[in-house]
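Participant: Just dropping this structure here.
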Amino acid sequence: MNYSSEWMQQPDNIEEVLFQKRPDIYYIQPDGYPSFSELKSDFYKVDNSAFDAFLTEKNFKNYPDFRSNYITTITSNSATFMMKHHYYNNGRDYSEMLNARKNIISENPVLSIFKNNDYKTHFISEHPYLMANRPEIGFDYTNFKYSEIPYITTGFNVGREVYPDLESAIASKNDGGNFFFIEFFEPSHISTTKEASKGKEAERAQWLEKLKIANAKLEKMINLITEKDPTALIMIMADHGSFVGLDYTRQVYTKTSNPEIIYTTFGAMLSIRWPNSEVPEIDSNLKSCVNVFRVLFSYLGDENKYLQNLQEDGSYLIIKNGAEPAVYEYIDDNGNIVFKKV
């Protein structure tokens with residue numbers, strides 16, 4: 034009854050931006066893929082050099098200390114596609130955020146801007162998780178139809194392989210410009226609850242196997258895109274961290290000052306293949322998910338004025354234990370660890 038959509042309003046006219054560059058845009062989202070610097074931490078101890086070498090060979094630029102602003106798929110994606118902070122609607126419960134799927138799938142500034150520039154928009158996913166409560170579809174193409182999705186579902190009991198659907202979508206893409214949002218669910222994160230957890234070491238070992246699957250899927254998709262669409266901009270950006278190093282994910286709802294716990298929660302992968310390997314100087318503004326599309330549209334529109342209204346690169350968490358239950362800022366705009374009530 035008291036829900037306010039005021040947070041969604043843009044502070045400028047960025048929705049009127051006109052693209053001066055028109056590459057196809059591929060946004061690939063591996064669920065729970067940590068940042069490059071986090072993978073080198075004591076919590077992970079993983080040798081990911083073979084995949085790093087693959088990205089280098091394909092002319093990707095990595096952003097090692099990138100992070101998410103929120104800790105679940107829908108809360109992170111809501112901020113990303115709205116290009117604004119929602120602060121979990123200032124809630125005190127870690128259940129799903131109100132209207133989150135609508136913000137991602139139905140209507141948001143990102144989709145509006147692409148459509149205003151005559152781009153065809155595609156949503157391709159392994160599971161219809163973001164469609165589970167049947168929001169109105171704002172994308173021109175989705176690889177799932179509602180006739181395939183049960184009314185009572187978590188969104189994970191129906192599945193498809195992303196690669197063949199992406200291959201088909203590329204074959205039928207628009208000549209005038211295309212935006213692809215491609216979602217798959219590896220490497221994911223450790224068990225959510227204490228009851229389901231096998232302990233931090235076993236959870237880490239299981240997660241490392243899923244990292245291999247994620248890397249294989251990414252390599253296959255990137256090879257396809259670079260072959261069929263060589264001038265495309267490809268962005269691999271995770272939605273949040275993986276929580277490796279903890280026994281289970283919900284441990285993060287207890288107040289901590291341990292930087293490793295905070296970074297394994299928020300550290301998220303970002304790697305971009307800029308067209309013709311021409312990296313814009315404004316990429317120095319790529320620090321967290323909430324600002325990525327604003328920076329991208331500034332690049333495509335050749336309009337740096339939109340960078341004047343970047344959101345703060347803060348990272349936020351709902352705390353339930355160890356402090357007054359509320360939403361707290363854990364990492365500030367400058368990357369410092371803080372503990373500040375929103």
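Positions 34 to 375 (my numbering) are the ones given, in order, by the sequence shown.
C-beta: ideal position from N, C-alpha, C; glycine also.
#1: Closest by CA to F218, which one among R237, G210, L244, A238?
#2: Count the other CB atoms within 10 Å of the CB of G300; is the residue buried (16 or more) or exposed (fewer)?
#3: What residue ranges within the segment 178–259 form continuous beta strand (DSSP E) runs of no fewer than 3 residues, ordered along the chain?
#4: State buried or exposed for E48, treating a residue as buried only when at least 16 other CB atoms are found within 10 Å of its CB.
#5: Between W240 and T154, what straight-line distance do the alpha-carbon atoms span, to the nearest angstrom?
#6: Spell out the partners DSSP gives E362 in its beta bridges.
#7: Might you give, ordered along the chain, the residues of its own chain that have their beta carbon closer than 8 Å to the beta carbon of S221, omitting 5 neighbours on each side?
#8: N141: which of I351, P358, N367, R327 sits nearest, CA to CA?
#9: Suppose the cutoff is 6 Å on Cβ atoms and the five residues either side in sequence are ignored; what does the same chain contact list for P96 look like?
#10: Give me the residue from A204, E194, K206, N166 with the minimum Cα distance to T17.
#11: On a CA-only basis, which of M254, F189, A265, D280 is nearest K231? Give me that one, please.
#12: Do you know whose CA, among P44, L257, Y60, lies nearest I267's CA?
#13: Cutting at 6 Å between CB atoms, please list the residues of its own chain near D173, excluding the five before and the five after it.
#14: Distance check for T106 and M270, CA to CA, integer angstroms please.
#15: In the DSSP output, what is S158 paired with across the bridge?
#16: Using CA atoms only, rank isn't needed, just tell me which of M115, Y120, S82 is closest to Y363.
#17: Roughly how many angstroms lie between the CA atoms of A235 and L72, to the nearest whole one?
#18: Using C-beta distances below 6 Å, list every residue in its chain close to N150, excluding the 5 sequence neighbours before and after it, in chain order.
#19: Do P308 and I370 come within 8 Å of each other at the CB atom, strictly closer than that value?
#20: Pick from G368, Y332, F330: whose alpha carbon is nearest that of E345?
#21: Taking G192 and D57 to be in contact with their CB atoms under 8 Å, please state how far apart those CB atoms are, rounded to whole angstroms.
#22: According to DSSP, what are the bridge partners of V277?
#23: In angstroms with no decimal places, state the Cα-to-Cα distance between D45 and I104.
#24: Comparing C-alpha positions only, which one of V143, S37, T175 sits nearest to N123?
#25: Please state the DSSP three-state secondary structure of S321.
#26: On a Cα-Cα basis, can you pick out the residue from C322, Y332, Q341, F372 that is closest to M115?
#27: Note the first and the last residue of the continuous beta strand (DSSP E) segment covering I294.
Facilitator: Answer, in terms of the structure:
#1: One-based indexing of the sequence shown puts residue 218 at position 185. Of the listed residues, the one whose Cα sits closest to F218 is L244.
#2: By 1-based counting over the sequence shown, the position of residue 300 is 267. With 16 or more other Cβ atoms within 10 Å, it is buried.
#3: 211–217
#4: To locate residue 48, count along the sequence shown from 1; it is residue 15. Classification of E48: exposed, given that the 10 Å Cβ count is below 16.
#5: Position 207 of the sequence shown holds residue 240. Position 121 of the sequence shown holds residue 154. Going from the Cα of W240 to the Cα of T154 covers about 32 Å.
#6: Counting from 1 along the sequence shown, the entry for residue 362 is found at position 329. BP columns for E362 point to Y349, K373.
#7: The sequence position of residue 221 within the sequence shown is 188, counting from 1. Cβ within range, chain order: D64, G65, W240, K243, S275.
#8: Here residue 141 corresponds to residue number 108 of the sequence shown, with the count starting at 1. The shortest C-alpha separation from N141 is found at R327.
#9: Numbered from its first residue, the sequence shown carries residue 96 at position 63. A quick correction: the sequence has Tyr, not Pro, at residue 96. Hits under 6 Å: L303, L319.
#10: This structure leaves residue 17 out entirely; the chain is present only between 34 and 375.
#11: Sequence index remark: in the sequence shown, residue 231 carries index 198 (1-based). It is D280 whose Cα lies nearest to the Cα of K231.
#12: Numbered from 1 along the sequence shown, position 234 holds the residue referred to as residue 267. Of the candidates P44, L257, Y60, the one whose C-alpha sits nearest the C-alpha of I267 is Y60.
#13: Walking along the sequence shown from the start, residue 173 turns up at place 140. Around D173: K153, T154.
#14: Mapped onto the sequence shown, residue 270 falls at position 237. Mapped onto the sequence shown, residue 106 falls at position 73. The straight-line gap from Cα to Cα measures roughly 12 Å.
#15: Position 125 of the sequence shown, counting from 1, holds the residue named residue 158. DSSP, once it has assigned bridges, lists E216 as partnering S158.
#16: Position 330 of the sequence shown, counted from the first residue, corresponds to residue 363. Ranking the options by Cα distance to Y363, first place goes to Y120.
#17: Numbered from its first residue, the sequence shown carries residue 235 at position 202. Numbered from its first residue, the sequence shown carries residue 72 at position 39. Taking the straight line joining both Cα atoms gives about 17 Å.
#18: If you number the sequence shown from 1, residue 150 lands on position 117. Correct list, in chain order: F52.
#19: To locate residue 370, count along the sequence shown from 1; it is residue 337. To locate residue 308, count along the sequence shown from 1; it is residue 275. No, these two residues do not count as a Cβ contact at 8 Å.
#20: Position 312 of the sequence shown holds residue 345. Answer by Cα proximity: G368.
#21: Looking up residue 192 in the sequence shown gives position 159. Looking up residue 57 in the sequence shown gives position 24. At roughly 26 Å, the Cβ-Cβ gap does not stay under 8 Å, so G192 and D57 are not in contact.
#22: The sequence position of residue 277 within the sequence shown is 244, counting from 1. Looking at the DSSP assignment, V277 forms a beta bridge with L279.
#23: Counting from 1 along the sequence shown, the entry for residue 45 is found at position 12. Counting from 1 along the sequence shown, the entry for residue 104 is found at position 71. Roughly 27 Å between the two C-alpha positions.
#24: For the purposes of this step, residue 123 is identified with residue 90 of the sequence shown, where counting begins at 1. Comparing Cα positions, the closest option is S37.
#25: The residue you call residue 321 lines up with position 288 of the sequence shown. It is a strand residue.
#26: Numbered from its first residue, the sequence shown carries residue 115 at position 82. If we check each option's Cα against that of M115, C322 comes out closest.
#27: Start at 1 with the first residue of the sequence shown, and residue 294 comes out as number 261. Where I294 is concerned, there is no enclosing beta strand (DSSP E), although the alpha helix (DSSP H) it sits in stretches over 292–299.
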